[in-house]
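Okay, structure first, notes after.
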DNA sequence: CTTGGTTCTGAACGCGCGTTCAGTTAAGCC
DNA sequence: GGCTTAACTGAACGCGCGTTCAGAACCAAG
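Residue numbers (the numbering used here), protein chains in the order written: chain C, 298 to 491; chain B, 298 to 491.
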């Protein structure tokens, strides 16, 4: 037996990435084998190498795509006030990360499994994202809309706080996503306020 | 050759745990082999089994000890006001976690590598710790010292924010640990305030 | 119906894994 | 000095790892 009827590169390629995404998120990069990924796709391990140079590239591509997606989706609204921009960022971060739990998990947990070169690229993308928030905070400080001592520290604090939502929030419980967005926005607004 | 002169259980035991701690924190549990740990200690892999039943127990013991240490060290000061208690918690969390970066990293990253039974035990300890903060917040809400809609969500938000310090703060830079404690305390105080 | 190119299989490569254990060495006690 | 016992070595066990590749199976075009 060889390839199954109807199986094509256009279909298998995305399936490889999806399977890798889910397995990496569930068990961790180091604990997942190429044979496990292949099994989830329904092919032999060797076939994966039609779609990725090696296991490392599979991880790197997933992380890079995710970070680029985040950067492309984060609202850029310079005409709004700093407070409005901050609210937009908070609501966006929570909603976007909620929609991509596996990608977010991998992007935060598997950094140390990247080669040095790949790590630097992902870190640069992450810094770009953080710079968006830091810019909002810095402008808000300059305009006296916000009152924090250090925009950089506030950036770290807010992002850590927001990303933490993914560790506990599950849809269908006591609170809706909108409820969570509201409450986090209230806390963030107060924390950087006067 | 067999054992080296002067080498004893009292010495090798802690050295095994220290080596495992550092290697797990640096490379991740799944990526570290018993032979690597043994090599760091200066013995053969088989000798490790005088000090741990298996690799899983090594991880579990490290995490359990850490969580118990945290619980034993967290201040319990019921005579203080909710605001004072919250300040104590914030400063404690930042300082304690700063002193144990490897343990903290492992405790947050390697949960999925625990067996189901072990995971439940660690989770219970973690819930106990979070309950300390949640209790402070709940009392502060009842006494109108704090104004947040939901003590549970505020607990998650504050802990995520504080734990995030470990991802970026390094001693010897622009800010001292006391500076960081001050700034985070200001943000936390405002975020739960009226 | 043949040909060409894409996709996949199945086997193989060397290697390191966690764990076990018989045997060896060293320390402490009489 | 002889004996007991703790501590450790070194080799072995079966197994799965990432990756490669020749050849088979399949599809589309002429």
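Just so it is clear, CB atoms sit at the ideal spot from N, CA and C, and this is done for glycine as well.
Inter-residue CB distance, residue i and residue j (contact presumed, cutoff 8 Å)
i                      : j                      : result
residue 463 of chain C : residue 401 of chain C : 6 Å
residue 427 of chain B : residue 456 of chain B : 6 Å
residue 322 of chain C : residue 403 of chain C : 6 Å
residue 433 of chain B : residue 379 of chain B : 6 Å
residue 454 of chain C : residue 481 of chain B : 7 Å
residue 350 of chain C : residue 334 of chain C : Between residue 334 of chain C and residue 350 of chain C the Cβ distance is about 14 Å, and since that is not below 8 Å, they are no contact.
residue 309 of chain B : residue 340 of chain B : 7 Å
residue 418 of chain C : residue 361 of chain C : 7 Å
residue 325 of chain C : residue 325 of chain B : 7 Å
Contacts around residue i, its chain only, beta-carbon distance under 7 Å, and the 5 residues preceding and following it disregarded
i                      : result
residue 368 of chain C : 422, 425, 426
residue 331 of chain C : 342, 345, 352
residue 319 of chain B : 399
residue 259 of chain B : The structure shown does not extend to residue 259 of chain B, since chain B is modelled only from 298 to 491, so the question has no answer here.
residue 312 of chain B : 338
residue 487 of chain C : none
CB contact check: residue i to chain B, cutoff 8 Å
i                      : result
residue 387 of chain C : no
residue 391 of chain C : no
residue 307 of chain C : no
residue 487 of chain C : yes
residue 415 of chain C : no
residue 441 of chain C : no
residue 370 of chain C : no
residue 332 of chain C : no
residue 337 of chain C : no
residue 490 of chain C : yes
residue 484 of chain C : yes
residue 470 of chain C : no
residue 432 of chain C : no
residue 450 of chain C : yes
residue 428 of chain C : no
residue 406 of chain C : yes
residue 310 of chain C : no
residue 328 of chain C : yes
residue 317 of chain C : no
residue 458 of chain C : yes
residue 461 of chain C : yes
Closer than 8 Å to chain C by CB, residue i
i                      : result
residue 481 of chain B : yes
residue 438 of chain B : no
residue 325 of chain B : yes
residue 453 of chain B : yes
residue 446 of chain B : yes
residue 409 of chain B : yes
residue 364 of chain B : no
residue 299 of chain B : Unreliable placement is indicated for residue 299 of chain B, whose pLDDT of 42 sits below 50; the coordinate value is still reported in the next sentence. False, the Cβ-Cβ gap to chain C never drops below 8 Å.
Sequence-distant residues of its chain with Cβ nearer than 8 Å to residue i (five each side left out)
i                      : result
residue 478 of chain C : 387, 388, 391, 392
residue 365 of chain C : 422
residue 448 of chain B : 431, 434, 435, 438
residue 460 of chain B : 390, 394, 401, 405
residue 489 of chain C : 383, 434, 437, 443, 444, 445, 451, 455
residue 363 of chain B : 397, 400, 401, 403, 404
residue 385 of chain C : 372, 374, 377
residue 370 of chain B : 389, 393
residue 474 of chain C : 391, 392, 395, 466, 468
residue 407 of chain B : 321, 325, 326, 356, 360
Beta-carbon proximity list for residue i, same chain, < 6 Å, skipping 5 on both sides
i                      : result
residue 302 of chain C : Low local confidence applies: a pLDDT of 44 at residue 302 of chain C is under 50, so the model's placement there is unreliable, with the coordinate-based value given in what follows. Excluding residues within five positions, none has a Cβ falling inside 6 Å.
residue 348 of chain C : 310, 313
residue 415 of chain B : 357
residue 485 of chain C : 387, 455
residue 429 of chain B : 371
beta-carbon residue i near the ligand SAH non-hydrogen atom, thresh 7 Å
i                      : result
residue 309 of chain C : The ligand SAH is not among the ligands present in this structure, which contains no ligands whatsoever.
- Message: So, does the region 356-375 of chain C touch the region 407-420 of chain C, judging by three or more C-beta pairs under 8 Å?
- Response: yes
- Message: Contact between the region 434-453 of chain C and the region 435-443 of chain B is defined here as three or more beta-carbon pairs at a separation below 8 Å; is this criterion met?
- Response: no
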